[in-house]
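Contents: one structure, followed by commentary.
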Amino acid sequence: MNKRVLSIFILTILITGLLPVALSQEEGKTITIKVPAVKRTASGLEGSVFDATVLVKPGTGRVFVDTWPLSELDTQASCRFASEVAADILKVSHSKYDFFYTIRADSPIIGGPSAGAALTIATIASIRGLDIDPNVMMTGMINPDGTVGPVGGILEKIMGANEIGIKTFLIPSGQSVIQTIEGSKVETVNVIEYAKSHWGITVIEVDDAIDALVYFTGYRIKVDKPPGKVIVNTDFIKNRAMSEFIEVEKLSSTVDQKLNSESVGFRDYQALTEFVKKANSNIETAKKNLSEKRYYSAMSNIFNAKIQLNYISDSIDVLINKDSTIVKNKIEAAQKELDEANELISIESENVRGITSFECLAASEKRAVEAEGLIADAWKYYYNQNYYDAVYYANFAIERAKTSKLWMEVSKENSKEEGLIDEAQIKYNADQRIEDARLSLVYAQTLIGKNTLLDQSAELLQSAENEYEKGKYAAAIFDAIDSKVRSSVSIEVWSSGEDVIKQRLQRAKEEAMGAIYLARKNGSEPLMADSYFEYASTFEESDKITSIILYRYSRGVALALRFLEPIEGMPLQEEIQLEKVSTPITNNSYYHIGYFIAGLIIGVVIAGIAIFYNKREIYK
């Protein structure tokens with residue numbers, strides 16, 4: 351064999367042997383994953399398996415779902431949610447990809463969100479070009495934070511998995527022990543022990559998609575965690591909180607004297623006294639928060655106390671003087687405060703630089719829009735001669751407009767000269783966030799139906815849409831984030847016990863810390879995120895769900911600029927890293943060995959053909 355022929359032989363083998371391995375890590379890989387389900391038969395519910403094929407390609411955030419037989423709405427919604435959660439886990443922009451889901455089943459399956467976790471894994475694998483172990487199967491809905499939620503029919507699904515030779519089955523944490531009912535007989539079954547003894551299947555509980563990914567692919571996502579404890583404070587507003595507290599204490603004393611010195615009817619006196627109690631309670635809570643260095647929380651308490659105290663004072667004036675002009679003047683004063691706030695916002699919106707500037711603009715716009723609505727309500731009550739409600743809303747609007755101006759002052763004091771953020775970029779981001787919030791709300795309503803959190807989510811979504819129409823794009827982003835958070839939390843705590851809610855709270859807190867850490871790592875202090883983190887801590891004992899919402903909101907605010915187009919002077923989003931891990935279950939490495947061996951065989955054949963024709967040429 352001459353040197354030329356030998357070179358061809360070796361080169362062909364290497365290329366054909368290594369090419370499949372290289373291709374197996376390509377972005378945009380088509381992934382087929384087997385998903386367990388439950389079907390209804392003449393003899394009752396039985397386990398079933400359907401094929402889900404996922405392909406992610408560069409695009410514009412569209413999600414395409416092709417199912418046969420036709421699936422129920424929640425199954426289709428799971429595809430959309432899987433795409434969003436996968437993008438969030440990998441820290442990539444959902445709007446940069448198109449997602450294609452093809453679901454094929456032998457017979458109609460019972461709808462439900464239980465395919466969500468498996469679809470999320472397949473989506474991650476497609477984006478990052480990972481192989482899926484065909485011997486692993488999973489059931490579980492996917493929560494917005496990436497955790498795996500509870501599902502039904504676990505034992506039936508494992509039975510279905512056994513029929514096709516599955517050896518490893520992943521289930522949501524906390525569902526290894528279930529109850530089965532046959533007639534009037536209720537039996538407790540340990541799924542892990544039962545599956546092992548009856549079918550030789552290893553059942554494993556997983557907390558979230560990151561844990562599940564290890565068993566399917568042999569890869570773990572490296573989470574960028576803070577090196578130590580993240581210290582969150584609101585010292586940037588300390589001096590204001592201290593001075594505002596002194597002012598509200600003086601106002602409280604003045605109003606108390608006024609109420610007890612003026613001739614107010616007994617019924618009116620009783621009604622106003624209730625407001626005094628509320629104001630004093632807010633002042634006491636503010637005092638406590640100041641002593642604990644929770645300055646944003648203290649400002650929130652002072653804000654409420656000032657509204658209540660000024661309402662009492664103005665109501666006394668209206669009662670004594672019988673003069674509606676007092677109310678009219680108060681509404682006009684509110685409008686003046688709002689005009690001043692909007693002027694500051696107009697200047698700031700043309701010069702948004704970095705996270706701090708953006709956050710403060712959003713906070714200011716949000717409060718200005720709220721003040722505008724309060725003024726409209728005040729005029730409505732005024733013209734209906736309901737002067738007491740009118741004066742209340744007027745005072746509410748004044749304080750809202752003042753806080754709008756305050757955040758513009760905070761921006762001026764704390765913003766750094768970072769990369770300029772174009773208004774068109776903020777507008778585009780707002781449009782995407784509103785769409786995300788809308789879809790999250792629909793998904794949650796499909797699963798749950800209706801509850802208080804979803805009503806709040808719908809209201810916030812409406813606010814975001816209104817702000818968008820008014821050109822308040824930063825405010826629209828923040829309200830859309832808040833709307834999505836409430837939809838997400840409604841799913842996370844849906845049918846959850848106290849222990850699960852505690853776990854969700856701790857997770858939400860840690861993720862908020864991580865987001866604040868990343869913002870600081872990129873050179874900015876997320877003041878609004880700091881503020882809501884602190885505020886969340888005040889509810890940890892008294893109202894865990896509110897605390898979860900505020901921590902989730904803090905995280906969302908800290909990451910609000912993550913998916914904007916690259917801006918001069920601002921750091922780009924770091925790509926999520928994967929690390930290979932060894933598990934007793936995954937055999938991903940065997941796939942690559944197999945690819946290599948197959949490539950070698952093909953290489954030998956091709957090289958042999960090349961040598962054959964080369965020799966023919968020589969002999970000619």
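The end of the sequence shown is residue 970 by the working numbering, with every number in the run present. Cβ coordinates follow ideal geometry from the N, Cα and C atoms, glycine included.
In the three-state DSSP reduction, R836 falls in the helix class (H, G or I).
When only Cα atoms are considered, W418 and V435 end up about 24 Å apart. When secondary structure is reduced to three states using DSSP, I666 falls in the helix class.
Cα atoms of N589 and I596: separation of roughly 11 Å, rounded to the nearest angstrom. Comparing alpha-carbon positions, the option among N764, Y544, F431 lying closest to A794 turns out to be F431. Linking D557 to R478 through their CA atoms gives a straight-line distance of about 21 Å. Rounded to the nearest whole angstrom, the C-alpha separation of L395 and K507 is 10 Å. Judged by beta-carbon spacing, S833 lies beyond the 8 Å limit of A862, meaning their Cβ atoms are not closer than that value. Between V498 and G510 a beta carbon distance of about 19 Å is seen, past the 8 Å cut, so the two are scored as non-contacting.
As DSSP reads the structure, D401 sits in a beta bridge with K384, R454. Cα atoms of I633 and Y661: separation of roughly 16 Å, rounded to the nearest angstrom. When only Cα atoms are considered, E700 and E848 end up about 47 Å apart.
Straight-line spacing of the CA atoms in C710 and L868 works out to 18 Å. By the criterion of a C-beta distance shorter than 7 Å, S897 is surrounded in its chain by L855, A886, F889, E890, once the five residues flanking it on both sides are discounted.
Membership of N540 in the beta strand (DSSP E) is indicated by the continuous run 535-540. As computed with DSSP, K572 is found in a beta bridge with Q927. Note that the C-beta distance between M649 and E698 is not below 8 Å.
Taking the CA atoms as reference points, M592 sits about 50 Å from I471. Taking the CA atoms as reference points, G378 sits about 32 Å from E773. The beta carbon of R390 sits closer than 6 Å to none of the beta carbons in its chain outside the five residues before and after it. Sequence-distant partners of W844 (beyond 5 residues in either direction) whose C-beta falls short of 6 Å from its own C-beta, in its chain, are I798. With 16 or more neighbouring CB atoms inside 10 Å of its own CB, Q658 falls in the buried class.
The shortest C-alpha to C-alpha distance from T552 to any of L928, E543, I560 is the one to E543. Checking the DSSP bridge columns, you'll see Y447 partnered with P408.
Put simply, the backbone Cα of A562 is about 20 Å away from that of A858. Taken through DSSP and simplified to helix, strand or coil, G499 comes out as strand.
Three or more Cβ pairs closer than 8 Å define a contact, and the region 737-748 falls short of that threshold against the region 776-796. For K643, the closest of N692, I528, D880 by C-alpha to C-alpha distance is D880.
Per DSSP, reduced to three states, the secondary structure at K579 is coil, with no helix or strand assignment. Taking K446 as reference, the option from R412, R454, A427 with the minimal CA-CA separation is R412.
Our two residues, V614 and S663, have alpha carbons roughly 12 Å apart in a direct line. A direct Cα-to-Cα measurement between Q806 and R836 gives close to 7 Å. Distance from the CA of E929 to the CA of R570, rounded to the nearest whole angstrom, comes to 5 Å. Looking at the DSSP output, W418 bridges to R454. Leaving aside the five residues that flank I725 on each side, the residues in its chain whose CB is nearer than 8 Å to its CB run, in chain order, I681, A684, Q685, L688, Y743, A744, A747.
Close CB contacts of E537 within its chain, under the 6 Å cut and outside five residues either way in sequence, are with T530 (chain order).
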